[in-house]
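>
In the working numbering, the protein residues as written are 0 to 957.
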């Protein structure tokens with residue numbers, strides 16, 4: 000191994016890494032072959048030149064090291080030198096290094112004595128000839144040449160000069176002289192050099208490279224495949240390919256940069272605790288920082304300042320922008336820029352940038368923070384005169400020092416508006432920076448309110464603090480109403496419901512007529528029902544509020560729809576009201592909380608079993624909110640997950656819920672969306688059969704045993720209860736479901752909870768609490784009939800069937816199957832068909848059982864409900880029929896279901912709805928449902944047409 004003294008600190012690091020990995024010469028076979036050919040020629044007495052050209056860090060020194068080892072193995076005399084900027088003024092300094100390297104390791108014989116003779120001392124330490132005396136120069140060069148010929152003798156001589164571009168000019172003149180003559184002598188001259196701008200040194204080195212005796216090697220960057228091998232053999236990690244890709248992107252395969260990063264990673268130095276391997280290139284290695292600083296200081300002034308400016312700018316298309324960013328006069332800038340390009344630190348082109356991203360990082364890391372801040376401030380001012388985008392300017396202002404400059408505030412506000420318009424999260428950073436400037440007193444409320452609104456989806460506590468201050472300083476009615484609305488939702492996001500109710504009520508009472516009153520009433524109606532405390536406080540404040548609205552009613556956009564939702568009455572009227580809201584309302588705010596009307600209406604459609612319409616509406620709400628900068632607290636994703644689950648898209652539901660759950664933890668703190676998102680994810684994972692993951696998702700967020708009295712925890716209590724029942728934890732599951740239903744009753748049951756607690760009926764019955772199960776079943780059935788939506792009613796009927804006698808269970812399941820016939824609620828259809836087919840099989844009705852189970856298997860597979868699919872398939876196999884049977888028979892839209900046929904026939908015979916209900920052991924509401932469906936399918940409007948229509952339908956389907 001070379002010593003640090005001979006080949007520098009960086010090379011020592013490289014060799015250390017390479018000794019451990021044996022990969023220092025990866026993808027260098029062509030260069031190695033050329034070197035070995037030259038050494039073979041030298042054995043035969045023929046010399047030559049090897050010129051290794053390349054940008055810094057391309058592996059030139061590694062090739063010289065390989066050549067050194069091979070030459071020593073061949074018993075050749077090897078002398079070496081290294082150019083450096085500190086000895087560039089020492090005449091013949093590089094030649095002196097060559098001689099000194101031999102003194103450290105003298106060859107055998109009398110030659111070493113001759114080296115100390117006055118001849119060598121005169122050559123190296125005497126005065127050099129003047130430039131105007133070429134004859135004297137020729138004599139000196141000839142004598143030096145003769146010295147090295149004598150040194151070569153019979154052993155052959157290999158001269159190695161690294162970093163030749165930094166060597167002194169007299170030494171370069173000698174190397175140029177020697178290069179033209181080594182072909183006729185037993186000497187191989189090897190020179191490694193970096194690109195250099197025009198000048199005497201470049202001309203002399205060009206003579207060496209273009210010599211007739213020269214073999215020119217230009218090492219290429221390492222490929223991605225080579226980096227994968229290096230990463231695997233050095234630091235490993237769970238995904239070496241990903242680390243290699245990141246490394247390749249940052250270094251472009253430059254070996255020195257790669258090895259500097261990997262050496263620091265292998266030793267653990269310079270890397271923050273906990274830094275993952277795939278983030279290795281986020282900071283530059285310390286060895287690289289030291290190298291780039293030395294390199295830049297060796298170049299003409301102001302190269303260092305120019306490099307720092309380009310590093311701050313990232314990419315610069317106008318050289319004068321770089322000049323203004325440096326803060327230096329134009330003198331010397333062009334020369335320094337050319338030097339940076341010649342040294343291949345910067346790329347010459349229409350866009351100024353660093354050759355390697357990691358070098359840019361090293362320059363940034365080496366720049367003091369104060370200097371960097373000043374550079375960013377100058378960069379922002381320079382870019383502002385070029386018509387740069389607001390975000391480009393603001394990116395620099397974020398790093399610039401605050402100076403109470405109102406132009407800076409305006410630029411940051413413009414950037415925040417542009418980011419919000421595109422749905423990007425950078426608006427928060429821009430507005431926080433604007434607040435630090437700070438803004439003028441007249442602009443402070445506006446900046447505070449815009450910042451608080453932007454923070455709603457990322458940090459609800461910060462949003463509440465800023466919006467609270469904004470409310471104190473805002474007096475304009477519309478602006479004050481908008482700030483109060485957003486403040487209330489920020490408080491509600493952190494479960495501070497009573498504070499939110501107080502803000503809303505106080506603002507409504509104190510606000511004159513304003514366009515934002517409707518939003519305030521809608522928010523009050525929503526938030527005031529999210530906890531018992533908020534509910535009671537809302538009731539106390541309503542009297543005061545109603546005095547203000549006496550005779551005018553509530554102006555909220557969704558007041559009527561909310562009444563339907565809270566009271567849990569007629570599903571059809573509720574759905575019609577939701578349609579009207581969606582047509583009329585859209586999003587209620589350009590910026591801020593704009594979901595209360597549109598999201599409420601979309602969710603109401605889902606509750607009313609209008610699942611495809613709800614899916615479309617929720618997607619529109621999400622897209623519009625993102626486009627217009629509204630904040631939904633990720634509740635839209637939660638609700639979309641529930642809709643997709645009911646539609647049978649179980650995997651899609653799980654993905655949406657997982658996304659919402661991750662996003663619902665604002666700045667590390669849970670928001671109101673967390674329990675809803677967690678519940679949606681657990682419900683989806685139960686259907687996927689991933690019970691262990693569902694448990695982990697809850698326990699990792701301390702939700703497995705969480706207790707709360709808020710409405711947003713109702714879905715969590717249901718999902719957690721179902722999970723525990725599926726895990727065989729019956730008592731714990733029943734306790735969760737009982738707690739949830741009790742809280743639901745305390746808050747006031749809503750349409751959303753119709754059929755929600757049906758699993759509790761089965762759980763109570765299985766645990767021997769039959770009477771409780773029966774009473775609860777009656778209550779749930781009455782609510783489902785009263786509401787009138789098909790899916791919740793089918794859920795309750797299916798649940799009750801598990802507690803009923805076989806005959807009654809068959810009737811209940813038959814009714815549930817009929818209710819869901821043709822329904823897009825595929826998951827519930829699959830569950831009901833499975834339950835019906837299973838019971839039919841138990842009753843010995845194999846043929847209809849097989850038909851229902853086949854449909855259940857097909858639907859469960861389509862949904863991705865794997866446990867349900869497995870149970871249905873096993874049941875079908877138990878009947879002696881392969882699970883894969885004929886395809887599903889699609890019912891004609893005009894074909895009546897068996898239940899509809901029976902109800903219609905009895906009605907045609909003159910029985911009243913009550914008589915039909917008593918005859919068939921069903922409720923009057925069920926009879927009305929079936930008759931409505933029959934009228935629609937038969938195209939009639941009254942009982943008088945039933946007989947004729949039934950006869951016509953029977954004839955068409957014979």
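Glycine included, C-beta positions come from ideal geometry on N, C-alpha and C. Quantities reported herein were computed from a predicted structural model and do not represent experimental measurements.
1) Restricting to runs no shorter than 4 residues, where is the alpha helix (DSSP H) found entirely within the segment 411-468?
2) Within its chain, find whatever has a CB closer than 7 Å to the CB of residue 519; leave out the 5 residues flanking it on each side and keep chain order.
3) Could you check the C-alpha separation between residue 948 and residue 914 for me, to the nearest Å?
4) Between the C-alpha atoms of residue 769 and residue 779, what's the straight-line distance to the nearest angstrom?
5) Using 8 Å as the cut-off, can you tell me whether the segment 420-435 makes contact with the segment 445-458, which would need three or more C-beta pairs spanning the two stretches below that distance?
6) Please give me, in chain order, every unbroken run of the alpha helix (DSSP H) with length at least 4 that falls completely inside the segment 602-662.
7) Is the beta carbon of residue 283 closer than 8 Å to that of residue 361?
8) Threshold first: 4 residues or longer. Then list the alpha helix (DSSP H) segments lying entirely within the segment 182-254, N to C.
9) Which of the three DSSP states is assigned to residue 353 in this structure?
10) May I ask which residues mark the beginning and end of the alpha helix (DSSP H) holding residue 795?
11) Label residue 302 either buried or exposed according to how many other C-beta atoms from any shown protein chain fall within 10 Å of its C-beta, with 16 as the threshold for buried.
12) Give me, in chain order, the residues of the same chain whose beta-carbon lies closer than 8 Å to that of residue 771; leave out the 5 immediate sequence neighbours on both sides.
13) Please determine, among 260, 247, 209, 909, the residue with the shortest C-alpha to C-alpha distance to residue 233.
14) For residue 81, tell me which candidate among 64, 69, 903 has the shortest Cα-Cα distance.
15) If you measure between the beta carbons of residue 168 and residue 206, is that distance less than 8 Å?
16) Per DSSP, what kind of secondary structure is residue 951 in: helix, strand or coil?
17) Can you tell which of 251, 285, 250, 75 has its C-alpha closest to the C-alpha of residue 266?
18) I'd like the span of the beta strand (DSSP E) that includes residue 77, first residue to last.
19) Given a threshold of 16 other Cβ atoms within 10 Å of its Cβ, counted over all protein chains shown, does residue 953 qualify as buried or as exposed?
20) Compute the distance between the beta-carbons of residue 710 and residue 681, then report whether it is under 8 Å.
21) Going by C-alpha to C-alpha distance, which of 370, 418, 371 sits closest to residue 393?
22) What residue range is occupied by the uninterrupted beta strand (DSSP E) comprising residue 404?
23) Helix, strand or coil for residue 588? Go by DSSP, reduced to three states.
24) Taking three-plus beta-carbon pairs below 8 Å as touching, is the segment 50-68 in contact with the segment 140-154?
25) Since residue 895 contacts residue 936 with CB under 8 Å, what's their CB separation in whole angstroms?
26) For the alpha helix (DSSP H) that contains residue 858, what are its first and last residues?
27) Grab me the residues of residue 128's own chain with a C-beta within less than 7 Å of its C-beta, minus the 5 sequence neighbours each way, in chain order.
28) Where does the unbroken alpha helix (DSSP H) through residue 725 begin, and where does it stop?
29) Under 6 Å Cβ to Cβ from residue 492, same chain only, skipping five residues before and after it: list those, please.
30) Suppose the cutoff is 8 Å on Cβ atoms and the five residues either side in sequence are ignored; what does the same chain contact list for residue 803 look like?
31) Let me know the alpha helix (DSSP H) ranges lying completely inside the segment 467-527, each 4 residues or longer, listed in chain order.
32) Does DSSP classify residue 34 as helix, strand or coil?
33) At which residues does the alpha helix (DSSP H) containing residue 291 begin and terminate?
34) For the alpha helix (DSSP H) that contains residue 332, what are its first and last residues?
35) Is the Cβ-Cβ distance between residue 576 and residue 598 less than 8 Å?
36) Determine the contact status of residue 436 and residue 381, defining contact as a CB-CB distance below 8 Å.
By the coordinates alone:
1) Counting only runs of 4 or more, we get 426-435, 443-454.
2) As a working mapping, residue 519 is identified with position 520 in the chain shown. So the qualifying residues of the chain are 480, 483, 484, 503, 506, 507.
3) Against the chain shown, residue 948 aligns to sequence position 949. Against the chain shown, residue 914 aligns to sequence position 915. Approximately 22 Å, taken between the alpha carbons.
4) Residue 769 sits at position 770 when you count from the first residue of the chain shown. Residue 779 sits at position 780 when you count from the first residue of the chain shown. If I take the Cα positions, the gap works out to 15 Å.
5) Because the criterion of three Cβ pairs below 8 Å is met, the segment 420-435 and the segment 445-458 touch.
6) As far as the segment 602-662 is concerned, its whole alpha helix (DSSP H) runs of at least 4 residues are 610-627, 634-645, 649-662.
7) As a first step, residue 361 must be located in the chain shown, where it is residue number 362. As a first step, residue 283 must be located in the chain shown, where it is residue number 284. Taking 8 Å as the cut-off, the Cβ atoms of residue 361 and residue 283 count as close.
8) Taking only runs of at least 4 residues, the alpha helix (DSSP H) segments lying wholly in the segment 182-254 are 199-208, 223-233, 239-250.
9) For this step, residue 353 is matched to residue 354 along the chain shown. When DSSP states are grouped into helix, strand and coil, residue 353 belongs to the strand group.
10) One-based indexing of the chain shown puts residue 795 at position 796. Taken as a continuous stretch (DSSP letters only), the alpha helix (DSSP H) holding residue 795 covers 789-800.
11) For the purposes of this step, residue 302 is identified with residue 303 of the chain shown, where counting begins at 1. It counts as buried.
12) Numbered from 1 along the chain shown, position 772 holds the residue referred to as residue 771. Once the five neighbours on either side are set aside, the close Cβ partners of residue 771 are 763.
13) Translated into the one-based positions of the chain shown, residue 233 becomes position 234. Checked all of 260, 247, 209, 909; the closest Cα to residue 233 is 260.
14) Within the chain shown, residue 81 is the residue found at index 82, counting from 1. The shortest C-alpha separation from residue 81 is found at 64.
15) Position 169 of the chain shown, counted from the first residue, corresponds to residue 168. Position 207 of the chain shown, counted from the first residue, corresponds to residue 206. Cβ distance not < 8 Å, so residue 168 and residue 206 don't count as in contact.
16) Taking the first residue of the chain shown as 1, we reach residue 951 at position 952. Residue 951 carries a helical assignment under DSSP once its states are collapsed to helix, strand and coil.
17) Sequence index remark: in the chain shown, residue 266 carries index 267 (1-based). Selected option, being the one with the closest Cα: 285.
18) In the chain shown, the residue the question calls residue 77 occupies position 78. If you look at residue 77, you'll find it in the beta strand (DSSP E) that goes 76-81.
19) Counted from its first residue, the chain shown places residue 953 at position 954. The residue is exposed, with fewer than 16 neighbouring Cβ atoms inside 10 Å.
20) By 1-based counting over the chain shown, the position of residue 710 is 711. By 1-based counting over the chain shown, the position of residue 681 is 682. No; because the gap between Cβ atoms is not below 8 Å, this pair is not in contact.
21) Residue mapping note: residue 393 aligns to position 394 of the chain shown, counting from 1. Checking every option, the nearest Cα to that of residue 393 belongs to 418.
22) The residue you call residue 404 lines up with position 405 of the chain shown. Note, residue 404: premise wrong, no beta strand (DSSP E); not H, not E.
23) Taking the first residue of the chain shown as 1, we reach residue 588 at position 589. Low confidence applies to residue 588: its pLDDT is 45, below 50, so where it sits in the model is not reliable, and the reading given next is rough at best. The answer is coil: DSSP assigns residue 588 none of H, G, I, E or B.
24) Judged by Cβ distances under 8 Å, the segment 50-68 makes no contact with the segment 140-154, as fewer than three pairs qualify.
25) As a working note, residue 895 is residue 896 in the chain shown. As a working note, residue 936 is residue 937 in the chain shown. Correct: roughly 6 Å between the Cβ atoms.
26) As a first step, residue 858 must be located in the chain shown, where it is residue number 859. Residues 845-862.
27) Within the chain shown, residue 128 is the residue found at index 129, counting from 1. Cβ neighbours of residue 128 beyond the five flanking positions: 135, 136, 139.
28) On the chain shown, residue 725 is found 726 positions in, with the first residue counted as 1. Residue 725 -> alpha helix (DSSP H) spans 713-725.
29) In the chain shown, residue 492 corresponds to position 493, counting from 1. Setting aside the 5 residues that flank it on each side, residue 492 is surrounded in the same chain by 459, 632, 670, 671, each with a C-beta closer than 6 Å to its C-beta; the list follows chain order.
30) Working through the chain shown from its first residue, we reach residue 803 at position 804. Cβ within range, chain order: 811.
31) For the segment 467-527, whole alpha helix (DSSP H) runs of length 4 or above, ordered along the chain, are 476-492, 496-509, 516-526.
32) Taking the first residue of the chain shown as 1, we reach residue 34 at position 35. Residue state, collapsed to three classes: helix.
33) The sequence position of residue 291 within the chain shown is 292, counting from 1. Counting along the chain, the alpha helix (DSSP H) containing residue 291 begins and ends at 285-296.
34) Taking the first residue of the chain shown as position 1, residue 332 is located at position 333. Per DSSP, residue 332 belongs to the alpha helix (DSSP H) from 332-341.
35) Start at 1 with the first residue of the chain shown, and residue 576 comes out as number 577. Start at 1 with the first residue of the chain shown, and residue 598 comes out as number 599. For residue 576 and residue 598, no; Cβs fall outside 8 Å.
36) Taking the chain shown and counting its residues from 1, one reaches residue 436 at position 437. Taking the chain shown and counting its residues from 1, one reaches residue 381 at position 382. No.
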